[in-house]
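Notes to accompany the following structure.
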Amino acid sequence: GENVEQHPSTLSVQEGDSAVIKCTYSDSASNYFPWYKQELGKGPQLIIDIRSNVGEKKDQRIAVTLNKTAKHFSLHITETQPEDSAVYFCAASAQKLVFGQGTRLTINP
Amino acid sequence: DVKVTQSSRYLVKRTGEKVFLECVQDMDHENMFWYRQDPGLGLRLIYFSYDVKMKEKGDIPEGYSVSREKKERFSLILESASTNQTSMYLCASSFWGNNYGYTFGSGTRLTVV
Chain B
2 GENVEQHPST LSVQEGDSAV IKCTYSDSAS NYFPWYKQEL GKGPQLIIDI
52 RSNVGEKKDQ RIAVTLNKTA KHFSLHITET QPEDSAVYFC AASAQKLVFG
102 QGTRLTINP
Chain H
9 DVKVTQSSRY LVKRTGEKVF LECVQDMDHE NMFWYRQDPG LGLRLIYFSY
59 DVKMKEKGDI PEGYSVSREK KERFSLILES ASTNQTSMYL CASSFWGNNY
109 GYTFGSGTRL TVV
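Each protein sequence line maps, in turn, to chains B and H.
Note that this note's numbering gives residue 80 to position 79 of the first sequence, counting from 1, and the numbers run on in steps of one.
Note that this note's numbering gives residue 52 to position 44 of the second sequence, counting from 1, and the numbers run on in steps of one.
In structure tokens form, the structure reads like this:
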């Protein structure tokens with residue numbers, strides 16, 4: 002079955018800097034790759050997703066890149082703000098979503 | 009604007025009790041899922057359902073069962089709660105197919121004492 006590895010487990014950046022979170026997956030049949038943000042006391046919320054026929058997708062300060070050959074995808078957050086502090090999960094789907102272990106992102110003012 | 013509702017935010021139960029966690033969605037989604045979330049382990053799938061009265065085991069089904077009598081409701085049952093089932097439980101739903109994101113509830117933090 003699918004296996005998703007996510008790195009790093011914790012990430013601390015200065016406000017205004019960029020943050021990058023990386024994921025690898027094992028099942029070449031996976032064709033849908035969403036990213037979720039989980040704030041304290043809340044359930045994960047979908048923030049951006051990408052499908053296998055696209056190499057990059059951007060939405061304001063966040064972007065996701067996908068390299069199907071290497072089986073890895075990344076989340077990029079630019080101009081980070083304190084409200085970006087949260088736990089972020091990547092996921093990959095061939096039949097159902099398999100999640101990475103999560104990255105706790107802290108933005109330092 | 010809440011679309012996936014979990015009946016309790018916090019629960020404290022005793023070892024050996026039968027525990028019911030309820031989840032309701034109002035988006036007419038076919039798929040519903042139960043996950044548990046533990047530090048360092050991410051989200052692990054317990055059970056899922058693609059249709060009414062249908063259920064499939066996920067990665068960690070031992071000690072759990074589920075019920076889906078209506079499309080909008082998916083219940084997770086701990087037949088005899090144990091301390092190692094202390095965790096955050098998350099319900100999610102999605103449209104049928106593998107190309108749709110999930111909508112999660114806010115979670116139920118269960119403590120078994």
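Note that the Cβ used here is the ideal one computed from N, Cα and C, for glycine as well.
| Query | Result |
| --- | --- |
| Any non-hydrogen atom of the ligand MG within 7 Å of Ala89/H CB | The ligand MG is absent from the structure shown, which contains no ligands of any kind. |
| Where the region 79 to 110 of chain B meets chain H: residues whose CB sits under 7 Å from a CB there | Phe90, Ser94, Ala95, Gln96, Lys97, Leu98, Phe100, Gly101, Gln102 and Gly103 |
| Host beta strand (DSSP E) of Gln82/B (start-end) | First-last for Gln82/B: undefined, no H or E at that position. |
| Contact set between Leu47/B and chain H, taken where Cβ atoms lie within less than 8 Å | Gly109, Tyr110 and Thr111 |
| Complete runs of the beta strand (DSSP E) confined to the region 69 to 120 of chain H [at least 3 residues] | 72 to 78, 81 to 86, 95 to 102 and 116 to 120 |
| Sequence-distant residues of its chain with Cβ nearer than 7 Å to Ile48/B (five each side left out) | Trp36, Tyr37, Lys38 and Ile63 |
| For Lys43/B, the nearest candidate out of Val12/H, Val20/H, Trp104/H and Phe103/H (CA to CA) | Val12/H |
| The region 38 to 53 of chain H in contact with the region 96 to 103 of chain H per 3-pair CB rule at 8 Å | yes |
| Arg117/H and Tyr18/H closer than 8 Å at C-beta | yes |
| Contact set between Pro35/B and chain H, taken where Cβ atoms lie within less than 7 Å | Gly109 |
| Proximal residues of chain B, C-beta to C-beta of Phe56/H below 7 Å | Lys97 |
| Straight-line Cα distance separating Glu57/B from Leu86/H | 42 Å |
| Candidates Leu98/H, Ser90/H and Met96/H: closest to Lys21/H by CA position | Ser90/H |
| Spatial neighbours of Gly48/H in its chain, beta-carbon cut-off 8 Å, leaving aside the 5 residues before and after | none |
| Environment of Gly24/H [buried if 16+ CB atoms lie within 10 Å] | exposed |
| Length of the line joining the Cα atoms of Leu41/B and Phe112/H | 14 Å |
| Whole-Å CB distance - Glu77/H paired with Lys61/H, under 8 Å assumed | 7 Å |
| Contact with chain H by Lys43/B, beta-carbon distance below 8 Å | yes |
| Any C-beta of chain B under 8 Å from that of Ser114/H | yes |
| Closest Cα partner of Arg52/H within the set Pro69/H, Tyr58/H, His37/H and Val27/H | Pro69/H |
| Limits of the unbroken beta strand (DSSP E) element including Ser31/B | Counting along the chain, Ser31/B falls outside any beta strand (DSSP E), and DSSP gives it neither H nor E. |
| Interface residues of chain B facing Leu98/H [CB-CB closer than 7 Å] | Gly44 |
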